[in-house]
Each structure stands twice: as C-alpha cells, then as structure tokens.
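Peer 1:
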Amino acid sequence: MSLYQQTYQQSVENPETFWAEQARRLPWFKFPSTILSYDDQQHARWFDDGELNICYAAIDYHVEQGRGDQPAILWDSPVTQTKQAITYQALRDRVAQFAGGLARLGVTKGDRVVIYMPMVPEALIAMYACARLGAVHSVVFGGFAPHELAVRIEDAEPKVVIAASCGIEVDKVLPYKPIVDQAISLSSFKPDACVVFQREAHRAELHEGDHDWQTLVADAPFADCVPVKATDPLYVLYTSGTTGKPKGVMRDTGGYAVALAYSMEAIYALNPGDVMFTASDVGWVVGHSYIVYAPLLRGCTTIVYEGKPVKTPDAGGFWRLIDEYKVKSFFTAPTAFRAIKKEDPDAKLLANYDISSLEHLYVAGERLDPPTFHWLDDLLDVPVIDHWWQTETGWPIAANLPGIESAPTKAGSATFPVPGFNVQILDRDGEQTDPMQQGSVVIKQPLPPGCLTGIWRDPQRFHSAYMAAYPGYYLTGDGGYFDEEGYLFIMGRTDDVINVAGHRLSTGEMEEIVGAHPAVAECAVIGIHDELKGQLPIGLVITKDGFDGDEATLEAELISRVREHIGPIACFKQVLVVNRLPKTRSGKILRKLLRNIADGKSFGIPSTIDDPTSLEDVHAAMCERSVGASGQAKSLDV
C-alpha cells in the first residue's frame with residue numbers, strides 16, 4: 001500500500017482513532033473523551049464533550065509560542081493603493097479589544113452577529129472577535145442587495161450588525177450603510193446595534209443605534225477567550241437553496257478546527273511561517289476556511305487581497321502578489337484563470353515576476369476544465385491541483401495530497417478522496433457503480449469533522465436535502481465516476497446530465513471539447529427542452545480578447561469537434577457567442593438559470609449572482625437565434 005492508501009484506509013475504517021490523533025494537535029481547554037457520537041437522526045457529531053476556542057487556537061496560542069512578531073495578515077489593496085502587515089501580537093490585541101467593544105454592546109456566547117464587509121483586515125478581526133466571545137457570526141458578501149441581506153438578518157436574528165461604510169471596486173465606490181439601513185427596515189427582526197467601520201473613500205452617516213468602530217474600541221477592555229463546546233456553532237453561512245430561500249449552513253467549532261488544521265498539512269503542505277494566498281472573499285466558504293481560519297490555525301501568514309484577477313491593474317496581479325510576498329501555496333477558482341487567460345492568453349505578464357517561491361497551485365469552486373488545466377500546467381513549473389469541495393463540507397472532499405504523498409495529475413480529475421471522506425458512486429437504485437460508470441457522488445456516514453452540522457433553524461431541511469435520498473449517505477448533488485486507477489472525476493451537478501432521445505449525456509464532457517478550441521475563453525453547455533428528443537444541447541461561448549474570426553465559422557468548428565469526439569448522438573447543433581455568462585460571485589456559471597431562460601420557465605434571480613444584466617446578454621442572443629421558448633419572448637425582466 002502507498003502511504004496515501006494506508007492513511008485513507010485508517011480514516012474510513014477507524015475514524016475515531018484517526019481523528020482523535022489529529023485533534024491532539026490543537027490546544028484544547030478540555031480534550032474530548034467522546035470523539036464520535038450521533039444525534040437522533042444518526043448524523044455524526046465530533047468531539048462532543050471537548051472545549052476550546054478557535055480564536056485562542058489560531059491567534060493567542062501562537063503568540064504564547066513565540067510567533068507574536070510574525071505577520072499573521074498581509075493586506076494588499078490595489079483599489080486603494082494600500083498595504084498593511086499585522087503581526088500575530090497586533091492581531092491578538094485588535095481582536096481582543098474589538099471583542100471587548102462587542103461585549104459592551106451586549107454580545108455574549110451564543111448570540112449571532114451579521115458581518116457585511118469588504119476584503120479589509122477588519123472583516124477578519126470582526127469574525128475572530130465573535131469567535132473569541134463564543135458568538136456565532138454570519139458573514140454576508142459585501143454588496144448584496146438590501147432584500148437579500150434582510151432575509152439573512154431575519155433568519156439569523158443577530159444582536160449586532162457589523163458593516164464597513166463602503167466597498168471599493170475598480171471603477172466605483174459602493175456605499176454599504178444605506179443598504180444595511182434598508183435591509184434592517186425590511187426585516188421583521190431588528191438588531192440592537194450596528195457597528196460601522198468608516199473608510200475614507202466614503203464615510204457613512206450614523207444614526208441612533210449606530211456605533212463608530214474606532215470610537216467603540218478606543219477605551220474598550222480586552223476580552224478573554226470564552227471556552228465553547230466543540231459542537232457549539234462557530235458560524236452560519238448562507239448558500240443558495242433550490243427553493244429560493246437561502247440555506248444557513250451551520251458549522252461547529254471543534255470539528256472544523258481539527259479538519260482545517262489537518263488539511264493545511266495534508267493537502268496544502270504548509271508549515272508554520274509559510275505564506276498562503278487564497279484569492280477569494282470572506283463572504284464565501286473558501287474565504288472562511290482558507291483566508292481566515294486555516295492559515296492561522298497552522299501558524300502561517302494569510303494574504304487578504306482587495307482586488308480582482310484582472311484590471312487591478314492588469315492580468316498580472318496574482319503573479320505580483322506571489323512574487324512580492326513569497327507565496328508558497330496559492331488557491332483560487334478556475335474562473336479567475338479563465339479571466340486572466342482571456343486578457344493575457346500567452347501569459348506575457350508573468351515574465352515580469354519571480355514566482356519561484358510557489359510550490360503548489362490549487363483550484364476549486366467549480367470543475368477545472370481540461371483546457372484551463374493544460375494552460376496552467378504548461379505555464380507553471382509547479383503541480384496544478386484541482387480539488388473538489390462544497391460550502392456544506394467546509395474543506396476539500398477530494399484532492400491531490402502533497403502533504404501525504406503526491407500523485408500524478410489527470411486533467412479533469414480531483415485525484416483521490418481526502419482521508420475521512422468515504423466517497424462512493426451510486427446508481428439510481430443505490431448500488432455502487434463500476435469504474436468509468438457515471439452515477440451520483442455520495443459520502444458514506446459518518447461525515448468527517450468540519451462538515452455542516454445542520455441548517456440553521458431548519459433541521460428537517462438538512463435531513464431532506466442531504467441525507468434522505470440515499471439513507472446512510474450524504475448526497476453531494478454532483479455526478480461523477482472513478483476511473484480504473486481510483487481517480488475521481490466530478491462532471492458537474494447531477495441536473496447537468498441531459499437526456500437526448502433516451503441517451504444520457506454529460507454537458508461537462510461537451511464543455512471540455514468546446515473549451516479546448518483556441519478561440520474560446522469560456523463556455524457553458526446546457527440542455528434545453530425539445531419536443532422530439534426531450535432535450536438538446538446548446539453551447540454558449542465567450543471568445544478570447546483579440547478574436548476577429550467569423551462567428552459562423554467558429555460555430556461550425558465547435559459543432560464539428562463535438563460530433564467528432566462524442567458523435568452525432570449528441571445532437572450538438574447550435575452555438576451562441578455571448579459577451580458574458582451569468583455567474584455567482586464565486587465564479588460558478590448559473591446553468592440551471594440559463595436552462596430556465598431558454599425553456600421559458602419562470603425563475604428567481606439568486607442573491608449570489610454577480611451581474612444580473614449578464615442574463616440580458618444571453619437572452620438577447622437566444623432571441624436573435626430563436627432558441628427554445630425564450631426565442632419567442634420579447635423581453636426579460638431582471
């Protein structure tokens with residue numbers, strides 16, 4: 001057996017022994033005597049009687065261990081042309097003092113606090129201050145519309161809302177306080193107070209019940225770390241639900257801390273003092289796990305980047321950061337690299353920087369399409385690691401694991417299941433599939449530490465959404481397969497499999513073929529309703545900057561490619577060139593929404609959408625070519 005196989009086998013056959021060993025690496029106030037237990041619905045609970053505080057484990061403990069002068073946070077903000085380094089000692093003091101300010105406002109253990117902030121250090125300070133007090137934070141992506149923020153306030157019932165006065169984009173300043181005020185007015189639940197961090201680009205007008213951040217902390221006492229049970233919630237993070245009502249994914253404290261600390265060593269191969277750059281946002285699970293908590297639990301330095309992959313100022317921004325801060329591990333979404341590839345197809349800007357410090361590149365958030373993988377693999381002299389996980393799991397389900405044993409990479413594969421995740425592929429009857437046979441990707445109970453422990457205020461929804469379809473298994477909602485060597489291939493959401501005249505076909509496979517064309521920067525393939533064949537695939541493509549070819553010729557070439565690789569059975573006969581594709585702010589293409597538009601079905605615009613006007617681009621292209629039922633519509637109300 002390889003070292004990976006030994007480790008994985010131990011984790012699934014003796015999970016209590018395996019995770020007890022990992023738990024001993026953290027500074028507990030009370031080490032748990034019960035490692036694994038189950039609730040009434042047989043959902044796993046980890047370290048039930050243990051006590052700790054994740055703020056202590058991530059910050060105070062490192063100060064006590066002599067790392068106080070090491071940078072904990074490196075803030076780099078090209079939109080404000082500002083940089084700041086915050087040591088572990090300074091971070092401990094700022095967090096403790098802000099926690100003291102929150103305590104003066106009445107925040108205590110178990111209370112909820114909603115945080116509505118851009119990518120500034122104060123966002124992390126606010127999150128850690130809540131954790132220090134044992135309060136439950138719920139971070140909402142800065143810039144979300146008032147209605148969506150109101151829904152989250154109403155569900156979380158926070159005692160305090162913490163907001164910045166504004167967010168700063170490449171070409172605009174977005175005032176946050178009017179959004180917060182409107183959201184509170186829309187919500188039937190009213191917080192006791194609102195704390196505002198004033199930014200010079202736009203200072204907010206404060207009203208009754210509002211508190212200026214600096215004034216609040218000016219004479220606030222330092223708050224101590226409050227011991228909490230390992231099973232107490234650390235945060236609630238809202239993710240889109242199929243019903244339109246967002247799901248409040250609830251994360252525990254102890255299991256999450258143990259899982260993240262383990263992942264930093266096993267997956268990201270980082271040691272104390274190393275620098276990790278995760279290009280995401282604290283509003284997403286990636287930001288929670290690998291900007292805020294995991295790097296500091298490991299004693300690393302984390303980069304907080306208030307910028308974009310492109311246009312801040314150019315497509316070389318990521319390379320500059322790696323060079324300047326000697327980044328060892330870099331993590332971002334495939335969509336970020338597709339944006340870079342679109343603007344700088346030959347990566348000429350990379351020549352301006354020395355990225356020799358970089359040892360591993362990680363991508364997640366959506367499937368890493370093979371064309372983007374090959375572009376990166378050819379460009380960089382480091383392993384390109386596609387790893388797969390979800391908001392619900394909180395950390396990777398499958399990955400290449402250089403911290404244990406590196407494996408050869410395969411384009412389109414997330415490599416192997418991470419220790420702790422007993423991943424299986426089941427058919428419709430709940431039977432395990434053979435290698436190379438696609439099915440529903442599930443995880444056998446018990447889920448490892450770090451995964452969601454429920455849906456906030458809706459335990460039944462947790463069970464029905466994730467556990468009911470295959471009793472004893474967690475339903476990921478993704479389809480995929482294992483190959484003969486045990487490599488896991490995730491082919492996209494199970495509803496991205498289309499049925500063409502009785503043949504089940506993967507739109508992910510078609511996207512691989514379309515995306516490999518040298519003129520295509522990004523693409524999506526969706527199945528639309530057809531009276532004769534049930535569904536037909538249609539391609540939506542964005543061309544690379546500088547493309548000056550004929551769109552009809554490009555369409556013919558793409559159709560020919562799909563026909564050659566899959567065959568005429570795919571019935572791939574139409575491609576639309578569009579300027580933009582509708583995505584979430586984390587970069588996922590909203591394929592279900594595209595299908596509903598094409599089929600003329602009613603739909604709600606999800607709160608996670610980055611640019612609602614992108615729907616109009618796609619709809620106009622569909623109307624022009626008379627695609628599906630949308631071709632009969634004259635307008636689209638977004």
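Taking the UniProt record's numbering, the leading residue of the sequence shown gets 1, the next gets one more, and so forth. Virtual Cβ for every residue (Gly too), placed ideally from N, Cα, C. This one's a predicted model, so the numbers in the text were calculated from it and none came from an experiment.
(1) Mark Y38 as exposed unless 16 or more other C-beta atoms lie within 10 angstroms of its C-beta, in which case mark it buried.
(2) Enumerated in chain order, which unbroken segments of the alpha helix (DSSP H) with a length of 4 residues or greater are wholly contained in the stretch 61–122?
(3) Touching or not, the stretch 397–408 and the stretch 458–473, by the rule of three or more beta carbon pairs under 8 Å?
(4) Taking contact to mean 3 or more Cβ pairs, one atom from each stretch, closer than 8 Å, check whether the stretch 155–163 and the stretch 106–117 are in contact.
(5) DSSP three-state label for Y353, please.
(6) Since V79 and I168 should fall inside the 8 Å C-beta cutoff, what is the C-beta to C-beta distance between them, to a whole number of angstroms?
(7) Restricting to Cα atoms, I'd like to know which of W456, L26, A123, F603 is closest to D262.
(8) Compute the beta-carbon to beta-carbon distance between F222 and Q97, rounded to the nearest angstrom, for a pair I have assumed lies under 8 Å.
(9) For the alpha helix (DSSP H) that contains V258, what are its first and last residues?
(10) In chain order, what residues of the same chain have a beta carbon less than 6 Å from the beta carbon of T239, not counting five sequence neighbours either side?
(11) Is the number of C-beta pairs between the stretch 223–232 and the stretch 169–188 that are closer than 8 Å three or more?
(12) Would you identify the three-state DSSP class for H387, choosing helix, strand or coil?
(13) Quick check on G317: does DSSP put it in helix, strand or coil?
(14) For the beta strand (DSSP E) holding W46, just list the boundary residues, first then last.
(15) Any idea what DSSP makes of A269, helix, strand or coil?
(16) For the 8 Å Cβ check, are there 3 or more pairs between the stretch 359–366 and the stretch 325–345?
(17) Considering G406, what are the terminal residues of the beta strand (DSSP E) in which it resides?
(18) How long is the line joining the alpha carbons of S560 and E551, rounded to whole angstroms?
(19) Between the C-alpha atoms of W319 and L350, what's the straight-line distance to the nearest angstrom?
(20) For G317, which option in D354, Y290, T301 has the closest C-alpha, if you only look at C-alpha atoms?
(21) What is the rounded straight-line gap between the Cα of Y4 and the Cα of A269?
(22) Assuming A294 contacts L260 under a Cβ cut-off of 8 Å, what Cβ separation, rounded to an integer in Å, is found between them?
(23) Under 9 Å between the Cβ atoms of P370 and G439?
(24) Pick out whichever of R298, S2, D49 has its Cα sitting closest to the Cα of L36.
(25) Kindly indicate the opening and closing residues of the alpha helix (DSSP H) around C623.
(26) How about I153 and F189: do their beta carbons lie closer than 9 Å?
(27) On the premise that Y176 lies in contact with S165, defined as a C-beta separation below 8 Å, what is that separation, rounded to the nearest angstrom?
(28) For the putative contact between V575 and L488, defined by C-beta atoms under 8 Å, what is the C-beta separation to the nearest angstrom?
Peer 2: Looking at the atomic coordinates:
(1) exposed
(2) Taking only runs of at least 4 residues, the alpha helix (DSSP H) segments lying wholly in the stretch 61–122 are 88–104.
(3) no
(4) yes
(5) Judged by DSSP in its simplified three-state form, Y353 adopts coil rather than helix or strand.
(6) 5 Å
(7) The sequence shown places Tyr at residue 262, not Asp. With distances taken between Cα atoms, Y262 lies closest to L26.
(8) 6 Å
(9) Taken as a continuous stretch (DSSP letters only), the alpha helix (DSSP H) holding V258 covers 254–266.
(10) Within the same chain, Cβ atoms closer than 6 Å to the Cβ of T239 are found at K247, V249, T391, the five residues on either side in sequence being excluded.
(11) no
(12) Looking at H387 - three-state DSSP - the assignment turns out to be coil, as it is neither helix nor strand.
(13) helix
(14) Going by DSSP, W46 is part of the beta strand (DSSP E) stretching over 44–46.
(15) coil
(16) yes
(17) The displayed chain sequence assigns Ser, not Gly, to residue 406. Run containing S406: none; DSSP gives neither H nor E here.
(18) 14 Å
(19) 6 Å
(20) Scanning D354, Y290, T301 for the CA closest to the CA of G317 turns up D354.
(21) 14 Å
(22) That belief holds up - the Cβ atoms of A294 and L260 are roughly 4 Å apart, short of 8 Å.
(23) no
(24) D49
(25) 614–624
(26) yes
(27) 6 Å
(28) That pair is no contact at about 30 Å.
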